[in-house]
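Read top to bottom, the protein sequences are chains A and B.
My numbering puts the first sequence at residues 212 to 539.
My numbering puts the second sequence at residues 212 to 539.
Every residue, glycine too, gets a C-beta built ideally from N, C-alpha and C.
Working notes, structure below.
Number of protein chains: 2
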Amino acid sequence: MFANDLIKEALDAGLVAIPSDPHALTKMINDASPDSKAFPTTMAAYELGKRLYFDPRLSKSGIISCNTCHNLGLGGTDGVPASTGHKWTPNPHHVNAPTVYNSVFNAVQFWDGRAEHLMAQAAGPITAAPEMAATPELVVNRLKSIPAYVAEFKKAFNSEINFDLVTTAIGIFERTLVTPSRFDKFLEGDKNALNEAEKKGLKMFIDKGCASCHNGVNLGGTLQPFEVAGKYEFANVGDFKGDANGMVKAPTLRNVELTAPYYHNGAIWSLSDAVKAMGSIQLGIEINDAEAASIVTFLNSLTGTMPKVEYPMFPASTDKTSKPELDY
Amino acid sequence: MFANDLIKEALDAGLVAIPSDPHALTKMINDASPDSKAFPTTMAAYELGKRLYFDPRLSKSGIISCNTCHNLGLGGTDGVPASTGHKWTPNPHHVNAPTVYNSVFNAVQFWDGRAEHLMAQAAGPITAAPEMAATPELVVNRLKSIPAYVAEFKKAFNSEINFDLVTTAIGIFERTLVTPSRFDKFLEGDKNALNEAEKKGLKMFIDKGCASCHNGVNLGGTLQPFEVAGKYEFANVGDFKGDANGMVKAPTLRNVELTAPYYHNGAIWSLSDAVKAMGSIQLGIEINDAEAASIVTFLNSLTGTMPKVEYPMFPASTDKTSKPELDY
């Protein structure tokens with residue numbers, strides 16, 4: 212296969228590399244972050260956001276953090292069909308936690324796209340009763356009771372603590388969770404970054420039409436019509452129907468190797484099965500076993516290099532910190 | 212106060228420094244680890260043990276890891292009275308998770324001392340139904356289904372995966388979680404490592420008799436009689452009574468500032484209150500507010516430097532990996 216032709220074909224299909232040039236990458240991240248002008252990615256905001264991302268005291272119980280369902284070690288997901296939160300409650304619509312990695316590049320957040328950016332997304336699970344079950348007041352009051360957090364917000368934002376800044380800081384940390392892969396090197400012109408089987412899989416991915424929804428830098432992340440050509444037959448669990456128009460966010464395919472189970476309700480465990488189901492549901496074609504295997508070979512090349520994250524230490528609670536509420 | 216006299220007094224009271232010399236520290240850790248001859252702390256075993264410590268797939272549900280209840284960011288504990296596990300079940304005896312930091316230096320593990328070393332301890336929560344709810348078979352089979360783990364065990368132990376090696380690897384990682392503090396520098400002769408208020412607090416700590424149980428390198432970690440002088444009046448929650456002889460492990464006081472709530476049943480949130488209760492229950496004396504505040508000032512100097520831990524990435528599950536069981 213002629214690599215140059217394939218690169219051109221991939222670019223024409225709307226596939227976009229995570230840039231290897233750090234300046235270009237920074238620009239891409241900032242362009243994808245509506246709040247990046249008001250809230251640039253400073254070291255102080257990153258460190259604060261990282262602490263908040265991992266600190267379980269942002270939940271009512273004190274034992275669930277953002278990382279519980281978007282585990283950075285598990286491809287940014289939790290590996291279970293339905294995210295499970297406060298009081299061991301599965302998500303009431305039985306939806307699966309999308310990966311946090313590269314989420315900055317999604318055009319919209321949540322499966323139904325109801326949040327436009329990471330800051331708005333972060334507010335959801337923190338305050339959802341079956342997830343972290345907190346309120347903005349609970350979170351703000353807990354953090355205000357901890358002098359080191361007060362100082363960190365002052366340093367990062369020159370402000371007192373408020374809930375918008377809590378979610379902003381988390382969003383700033385999440386902006387940095389991008390994972391360049393061999394696929395990106397290939398798109399940038401390194402013809403040997405993918406092996407022959409992966410190139411063949413990429414060609415199959417484009418030829419079958421996968422890139423009609425899974426395009427852009429995230430190979431997904433935009434709202435798309437669902438069940439275009441057939442019924443999703445794995446819908447026996449959950450009542451998710453997409454947004455008001457039935458549109459569903461096509462998930463990013465980056466690191467998809469790590470983020471089983473698949474689909475909005477986490478009903479399919481095998482990536483090959485997921486590829487075949489997409490063929491019949493979205494494209495109206497049969498993708499056979501060999502073709503699915505080839506596409507999966509390509510998809511596995513999207514597993515990227517995760518940024519190194521030092522596990523944060525949280526400042527101690529004080530006598531004023533509200534107690535965890537487990538609601539047994 | 213004459214610092215040299217106080218250092219001598221502290222040493223005479225049985226207090227021991229975490230050595231600043233790395234060779235001496237390694238020797239101390241190995242002497243405290245009965246399995247260190249058979250299983251030395253190699254880099255490969257450390258990395259494997261760290262992964263296993265954070266990997267929630269060691270639990271039946273796939274969403275609870277060692278770090279859930281022994282959170283390295285929260286002083287090695289979970290910050291709630293009773294550890295809460297599978298199906299949101301509080302520990303049936305309502306006992307509080309002890310810190311993992313410096314646990315290698317405990318003479319015995321668990322509140323009733325029923326495990327002699329970290330390897331034996333680690334097996335407990337993984338297989339306890341109200342905690343991680345797994346079985347040795349479940350853990351071993353899950354890990355064996357993941358080729359990268361098979362390779363890591365081979366590299367670390369030149370062996371196939373078995374459950375003893377799982378807990379051994381976790382114990383090896385935990386061995387490294389020691390937290391030297393300013394107190395250690397003081398004991399080693401740096402007279403200015405503690406300020407005057409902290410020195411006064413240390414003197415108070417010794418004079419009141421606290422060091423009669425809270426001694427050694429961990430200022431605790433040995434089985435001691437409980438309710439020597441009075442009843443523990445905060446026992447309305449839980450039925451923990453110590454070992455067969457009513458003996459209870461005196462918890463380490465290192466990082467105690469970070470590990471509220473206190474006592475075996477996590478019933479006391481204020482460190483000052485905890486100190487006063489110890490006076491009446493164990494020593495048969497009244498410790499007044501000013502004295503307790505002074506002792507707490509010293510105790511806060513035991514907050515150590517946590518080792519830097521890079522958050523691990525877990526190898527992907529495969530089609531052969533057993534599915535998480537949430538048991539909703």
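Endpoints, alpha helix (DSSP H) assigned at residue i
{"i": "B/Leu398", "result": "393–398"}
{"i": "A/Val350", "result": "347–355"}
{"i": "B/Met415", "result": "407–419"}
{"i": "A/Met254", "result": "254–265"}
{"i": "A/Met458", "result": "Here A/Met458 belongs to no alpha helix (DSSP H); instead the beta strand (DSSP E) covers 458–460."}
{"i": "A/Cys277", "result": "277–280"}
{"i": "B/Ile240", "result": "233–242"}
{"i": "B/Asn511", "result": "500–511"}
{"i": "A/Met570", "result": "Here chain A comprises residues numbered 212 to 539, so residue 570 of chain A is not present and cannot be evaluated."}
{"i": "A/Phe368", "result": "358–368"}
{"i": "A/Met330", "result": "329–338"}
{"i": "B/Arg386", "result": "374–386"}
Contacts around residue i, its chain only, beta-carbon distance under 7 Å, and the 5 residues preceding and following it disregarded
{"i": "A/Leu464", "result": "His425, Leu430, Gly431, Leu510, Leu513"}
{"i": "B/Ile229", "result": "Leu236, Val389, Pro391, Asp395, Val428"}
{"i": "A/Ala380", "result": "Ala256, Leu259, Gly260, Leu263, Ala367"}
{"i": "B/Gly515", "result": "Thr390, Pro391, Ser392, Arg465, Asn466"}
{"i": "A/Glu399", "result": "Ala228, Ser231"}
{"i": "A/Pro347", "result": "Thr338, Phe374"}
{"i": "A/Gln332", "result": "Gln320, Phe321, Ala326"}
{"i": "B/Ala318", "result": "Gly432, Thr433"}
Unbroken beta strand (DSSP E) run spanning residue i, endpoints
{"i": "A/Pro436", "result": "434–436"}
Alpha carbon of residue i to alpha carbon of residue j, nearest angstrom
{"i": "A/Asn313", "j": "A/Tyr257", "result": "16 Å"}
{"i": "A/Pro267", "j": "A/Ser276", "result": "4 Å"}
{"i": "A/Val351", "j": "A/Val227", "result": "39 Å"}
{"i": "B/Lys248", "j": "B/Ile383", "result": "12 Å"}
{"i": "B/Ala367", "j": "B/Pro245", "result": "18 Å"}
{"i": "B/Met330", "j": "B/Leu269", "result": "15 Å"}
{"i": "B/Gly284", "j": "A/Phe525", "result": "5 Å"}
{"i": "A/Ala360", "j": "B/Ser505", "result": "The residue you asked about is not Ala; residue 360 of chain A is Tyr in the sequence shown. For A/Tyr360 and B/Ser505, the distance between alpha carbons rounds to 25 Å."}
{"i": "B/Gly441", "j": "B/Ile492", "result": "4 Å"}
{"i": "B/Glu409", "j": "B/Ala446", "result": "31 Å"}
{"i": "A/Ala541", "j": "A/Gly477", "result": "Look at the range of chain A in this structure, 212 to 539, and you will see that residue 541 of chain A is not part of it."}
{"i": "A/Lys365", "j": "A/Met239", "result": "28 Å"}
{"i": "B/Pro518", "j": "A/Glu521", "result": "10 Å"}
{"i": "A/Asn403", "j": "B/Pro233", "result": "46 Å"}
{"i": "A/Asp500", "j": "A/Ser483", "result": "8 Å"}
{"i": "B/Gly544", "j": "B/Val439", "result": "No statement about residue 544 of chain B is possible, as the shown extent of chain B runs from 212 to 539 and does not include it."}
{"i": "A/Ala214", "j": "A/Gly286", "result": "29 Å"}
Cβ neighbours of residue i in the same chain (closer than 6 Å, five flanking residues each side left out)
{"i": "B/Phe265", "result": "Ser276, Asn278, Pro523"}
{"i": "A/Ser294", "result": "Cys280, Asn302, Ala308"}
{"i": "B/Glu342", "result": "Gly296, Pro336"}
{"i": "A/Val306", "result": "Trp322, Phe451, His475"}
{"i": "B/Ile274", "result": "Pro267"}
{"i": "A/Gln435", "result": "Cys424, Ala461"}
{"i": "A/Thr300", "result": "Pro341"}
{"i": "A/Ala471", "result": "Trp480"}
Interface partners of residue i on chain A, CB under 9 Å
{"i": "B/Ile383", "result": "Near B/Ile383 there are no residues of chain A at all, since even the closest Cβ is about 18 Å away, more than 9 Å."}
{"i": "B/Arg268", "result": "Leu285, Gly290"}
{"i": "B/Leu537", "result": "Val291, Pro292, Ala293, Thr295, Trp299, Pro301"}
Amino acids of chain A, ordered along the chain, whose beta-carbon sits closer than 8 Å to that of residue i
{"i": "B/Gly273", "result": "Asp289, Gly290, Val291"}
{"i": "B/Lys534", "result": "Trp480"}
Amino acids of chain B, ordered along the chain, whose beta-carbon sits closer than 7 Å to that of residue i
{"i": "A/Met524", "result": "Gly284, Met517"}
Listed by chain order, chain A residues near residue i by CB distance under 7 Å
{"i": "B/Phe265", "result": "Gly284"}
Residues that residue i contacts on chain C, provided the C-beta gap is smaller than 8 Å
{"i": "B/Ser528", "result": "Among the protein chains of the structure shown, namely A and B, there is no chain C."}
Chain-ordered chain B contacts of residue i [CB-CB under 9 Å]
{"i": "A/Glu521", "result": "Lys519, Val520, Glu521, Tyr522"}
{"i": "A/Thr279", "result": "Pro267, Ile274, Thr279"}
Own chain, CB closer than 8 Å to residue i, minus 5 neighbours either side, in chain order
{"i": "A/Met415", "result": "Glu502, Ser505, Ile506, Phe509"}
{"i": "B/Thr532", "result": "Arg268, Arg353, Ser356, Ile357"}
{"i": "A/Leu217", "result": "Lys410, Leu413, Lys414"}
{"i": "B/Tyr443", "result": "Phe437, Tyr474, Ala488, Ile492"}
Heavy atom of the ligand FAD within 7 Å of residue i beta-carbon
{"i": "A/Asn466", "result": "The ligand content of the structure shown is nil, which means the ligand FAD is not present either."}
**Message:** Please identify, using Cβ separations under 8 Å, the residues of the stretch 445–471 of chain B that lie next to chain A, in order along the chain.
**Reply:** Taking 8 Å as the Cβ-Cβ cut-off against chain A, the residues of the stretch 445–471 of chain B that qualify are Glu468, Leu469, Ala471.
**Request:** Would you list, in chain order, the members of the stretch 315–348 of chain A that have their beta-carbon closer than 7 Å to a beta-carbon of chain B?
**Result:** So nothing in the stretch comes that close.
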